[in-house]
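Residue numbers (this note's numbering): 3 to 449.
Beta carbons are placed, not taken as given, at the ideal position from N, Cα and C, and that holds for glycine.
Just so it is clear, the structure is predicted and the values come from calculations on it, not from any experiment.
Report on the structure given below.
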Ligand code: JJW
């Protein structure tokens, strides 16, 4: 048996997002979001599910904070629904919306838990989408205005701020692949949106510094890892493109002030003409205090001409898969973290999302989610290896505290360490909750 250990000062936590857990979509003065529109468009979300009720955390946040307190976490990552603060995206502030987040943050602080606030976790006000959404550069300034309002309102209470969650999903999953809201399928549009998102991130960091807010700010790109099937250059380059689409495309501009040439050239070959205005790259290249990393899965792949956008295909290796079909690939977690540190240096990193989908249901009041415990053990072991290899990991937050609305998969896919009965909204701590609680308490576990 091996003992897997963690730094005594590493923070432990859980993560959620507004549209996925809050519900109360027509309450408290909240305006409509693109996910209200998308989820009510037939065929977009499995079983026609939507976030109208979700986990009802808008009303049950005290119970949820109590679950976190018993878990013993240091930090809780949640997101703010922009349409609760500005129902039309800009203009008049909705005080009821601010009041809700004060109630949640005060409950967290009372429980001794640090709030980590994600400003944008995909629920764009529909009113802004009606004017072009992230493809309209005016949305950049609307985001900065919204962020400034939140900074001023919660300065002193919230010390950890994240501008954007998973810009790859916001840009490409939602505007090229089309699986998420608003569901466009246009590479030129998606790539231009990815640029506007990075400008919005950079301008928001500038505003944070200008206001002299006491705290730390970063963003949370999602990552993946593809390992080349062979050492043939074509396989190596194919895997580098996929990893580069998630990592270098969104991190080189922030840390180096430029897009990665190998991706720029590939997108140009695909007909993309990125419009970059004077000063944009300097705006994006603002120093940040931490980098959030979301990691779920990876695989082995090889070059395949004219396959998809980046000319690669998976090689079936028989990896175990979770209940959402994603391969279990913890070595990819280690590779992502060491690759980022090798390329960008000693960046403080929070794992802002890592978790697995297992749809176990309660039997005799107990949820025996052994698959999730195995996933946590394997990925925390990879994390411990990365820390030992010099990666500056400040915290680990598992996705997610609660089973919740998993976007296009609706409620069919469960990622929580706490089970939610969507009919009664009853919460049930899963076996993984108790395992995670012990690991947090010990700062080690036995493999
Ligand atoms: C789909 C990739 C081709 C969420 C996907 C890629 C290509 C058909 C979990 N992270 O719910 C989904 N999640 O809200 C944020 N992370 O398609 C939080 N990544 O498809 C969680 C990535 C994801 C995805 C989902």
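Option nearest residue i by Cα separation, candidates the options
i, options, result
"residue 241", "174, 93, 392, 264", "264"
"residue 14", "398, 448, 180, 432", "398"
"residue 291", "231, 312, 204", "204"
"residue 9", "253, 382, 158", "382"
"residue 119", "165, 174, 403", "165"
"residue 20", "38, 6, 394", "38"
"residue 3", "44, 224, 379, 222", "379"
"residue 410", "50, 274, 121", "50"
"residue 425", "29, 57, 388", "57"
"residue 2", "388, 187, 81", "In the structure as shown, the chain starts at 3 and stops at 449, and residue 2 therefore has no counterpart that could be examined."
"residue 220", "93, 123, 278, 289", "289"
"residue 331", "311, 297, 163", "297"
"residue 188", "114, 318, 275", "275"
"residue 360", "436, 377, 114", "377"
"residue 246", "234, 284, 223", "223"
"residue 93", "272, 111, 130", "130"
"residue 335", "317, 355, 349", "355"
"residue 26", "213, 46, 63, 44", "63"
"residue 91", "43, 217, 121", "121"
"residue 400", "393, 391, 390, 419", "419"
"residue 278", "152, 243, 316, 259", "259"
"residue 427", "406, 439, 437", "406"
"residue 55", "68, 337, 412", "412"
"residue 22", "53, 68, 65", "53"
"residue 104", "159, 362, 243", "159"
"residue 142", "66, 194, 345", "194"
"residue 218", "96, 432, 408, 117", "117"
"residue 18", "6, 28, 60", "60"
"residue 387", "346, 179, 446", "446"
"residue 348", "244, 396, 71", "396"
Rounded straight-line distance, which links the Cα of residue j to that of residue i
i, j, result
"residue 148", "residue 106", "19 Å"
"residue 367", "residue 78", "26 Å"
"residue 529", "residue 448", "Because the chain spans 3 through 449 in this model, residue 529 falls outside it and cannot be assessed."
"residue 146", "residue 206", "5 Å"
"residue 230", "residue 327", "21 Å"
"residue 41", "residue 128", "13 Å"
"residue 414", "residue 299", "19 Å"
"residue 209", "residue 150", "7 Å"
"residue 429", "residue 126", "28 Å"
"residue 16", "residue 403", "5 Å"
"residue 314", "residue 308", "8 Å"
"residue 1", "residue 101", "Look at the range of the chain in this structure, 3 to 449, and you will see that residue 1 is not part of it."
"residue 123", "residue 167", "5 Å"
"residue 444", "residue 170", "35 Å"
"residue 257", "residue 98", "37 Å"
"residue 162", "residue 234", "43 Å"
"residue 365", "residue 422", "14 Å"
"residue 374", "residue 44", "32 Å"
"residue 392", "residue 227", "19 Å"
"residue 352", "residue 46", "32 Å"
"residue 439", "residue 11", "16 Å"
"residue 357", "residue 191", "30 Å"
"residue 280", "residue 156", "33 Å"
"residue 363", "residue 431", "11 Å"
"residue 2", "residue 394", "Since the displayed the chain opens at 3 and closes at 449, residue 2 lies outside it and no answer follows."
"residue 416", "residue 113", "26 Å"
"residue 434", "residue 369", "9 Å"
"residue 372", "residue 272", "44 Å"
"residue 1", "residue 408", "With the chain covering 3 to 449 only, the question about residue 1 has no answer from this structure."
Sheet register partners of residue i (DSSP bridge)
i, result
"residue 351", "293, 395"
"residue 447", "6"
"residue 218", "162"
"residue 206", "Looking at the DSSP assignment, residue 206 forms no beta bridge with any residue, so it has no partner."
"residue 227", "300"
"residue 368", "365"
"residue 167", "222"
"residue 157", "160"
Chain C contact for residue i (CB, 8 Å cutoff)
i, result
"residue 278", "Absent from the structure: chain C. Only one protein chain is present."
Contact test: residue i Cβ vs the ligand MG heavy atom, cutoff 7 Å
i, result
"residue 259", "The ligand MG is absent from the structure shown, which contains only the ligand JJW."
- Tell me the start and end of each unbroken beta strand (DSSP E) in the region 298-339 that is at least 3 residues and wholly inside, in chain order. 314-316
- Query: Do the region 251-258 and the region 322-329 make contact, defined as three or more Cβ pairs closer than 8 Å?
  - Reply: no
- Task: May I ask you to verify whether the region 21-41 touches the region 69-86, counting CB pairs closer than 8 Å and requiring at least 3?
- Result: yes
- Item | Touch test, the region 186-199 against the region 123-138, Cβ-Cβ under 8 Å, three pairs minimum | yes
- Item | Segments assigned alpha helix (DSSP H), at least 4 residues, entirely inside the region 95-130 | 97-112
- Considering only residues of the region 375-437, which uninterrupted beta strand (DSSP E) runs meet the minimum length of 3 residues and lie entirely inside it, listed in chain order? 395-401, 420-422, 429-431
- Message: Below 8 Å, how does it come out for the region 334-351 and the region 267-278: are there three or more Cβ pairs, yes or no?
- Response: no
- Message: Quick check on the DSSP output: what are the complete alpha helix (DSSP H) runs of length 4 or more inside the region 8-86, in order along the chain?
- Response: 20-23, 36-41, 59-73
- alpha helix (DSSP H) runs wholly inside the region 256-282, at least 4 long, in chain order: 263-271
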